[in-house]
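K.L.:
Throughout the sequence shown, residue numbering follows this note's numbering, covering 182 to 370 in sequence.
C-beta: ideal position from N, C-alpha, C; glycine also.
Here's a structure for you.
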Amino acid sequence: MDNKGRRILSAIISIVIIAVYAFLRFQRFQAKQERQKAQQEQVKNSQVVQQALQDNQNKLNEAAAKIKQAADSVKDKNSTTESEELKNAEMNKEIGEGYNIVKKDGKFYIVKNNDFSKAVELTGVTEALVIPTTEEEKNLKYNVLVVKKDGEYRVVDETKDGKDVLVLTGETITEGTTFVLKGDTLYIK
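Here it is as structure tokens:
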């Protein structure tokens, strides 16, 4: 009986070992399948995300193109309007830094960047001149806007809506006049 018991015991142990081995192999197989499924899901998700990003990029590109087209059409419209307004001007002289003095319908205007819609009217002005000026200490050359208002010539600041900087009492200024600035003294030539 000893032999028979040993055989039964070894058969049971063999069955248990085979069952454990089969169970472990089955678990490995399931884990492998789950990993493959997870990888497939991840690939699907990344493709969906990639497609969504591509769609958003296309929409942004379309919106940017529409905005650019609208801006170009507005710019073209403004530039044609501005050039027509300035073409009909009696006088249009460049002062500098994008500023011009324009005479239209007997009135004088300071215009920046050729945008007549934002022009500043100089009231009471009967004459306007752009005078070349040399600042000797700094070796600079630039233009100064001089207007005749109330019978006197005045140097005005075009960047501050034509505010007076200096009144030239008793002076006569012409197109050929030039200014030389030495220190705090303005010489008229």
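(1) Applying the 10 Å Cβ sphere with the 16-neighbour rule, what's the burial state of L321?
(2) Using C-beta distances below 7 Å, list every residue in its chain close to G343, excluding the 5 sequence neighbours before and after it, in chain order.
(3) Is there contact here, the segment 347-360 with the segment 327-335, by at least three beta-carbon pairs under 8 Å?
(4) In three-state DSSP terms, what is I374?
(5) Beta-carbon separation of G364 and E308 under 9 Å?
(6) In chain order, what residues of the same chain have a beta carbon less than 6 Å from the beta carbon of S191, not counting five sequence neighbours either side?
(7) Quick check on DSSP: helix, strand or coil for N324?
(8) Who pairs with E333 in a beta bridge, going by DSSP?
(9) What would DSSP say about I354, mapped onto helix, strand or coil?
(10) Please state whether DSSP places G277 in a helix, a strand or coil.
(11) Rounded to whole angstroms, how far is the Cβ of Y368 from the Cβ of L349, which I believe are closer than 8 Å?
(12) Rounded C-beta distance between K285 and N269? I'm assuming under 8 Å.
(13) So if DSSP puts L349 in a beta bridge, which residue, or which two residues, is it bridged to?
(14) How long is the line joining the alpha carbons of Q235 and N226, rounded to whole angstroms?
P.N.:
In brief:
(1) Of the residues assessed, L321 falls on the exposed side of the cut-off, its CB having fewer than 16 other CB atoms within 10 angstroms.
(2) Around G343, the same chain offers I291, V301, L303, V337 as residues with beta carbons nearer than 7 Å, after the five sequence neighbours per side are excluded.
(3) Flag = yes, the segment 347-360 and the segment 327-335 touch.
(4) Outside the shown range of the chain, which is 182 to 370, sits residue 374, and nothing can be said about it.
(5) Not in contact: G364 and E308 (Cβ atoms no closer than 9 Å).
(6) There are no such residues.
(7) Here N324 sits in strand by DSSP.
(8) Per DSSP, K330.
(9) Coil.
(10) It is a strand residue.
(11) About 12 Å separates the beta carbons of Y368 and L349, which is beyond the 8 Å limit, so they are not a contact pair.
(12) With a Cβ gap of about 7 Å, K285 and N269 count as contacting.
(13) In DSSP, L349 forms a bridge with Y334.
(14) Their Cα atoms are separated by approximately 14 Å.
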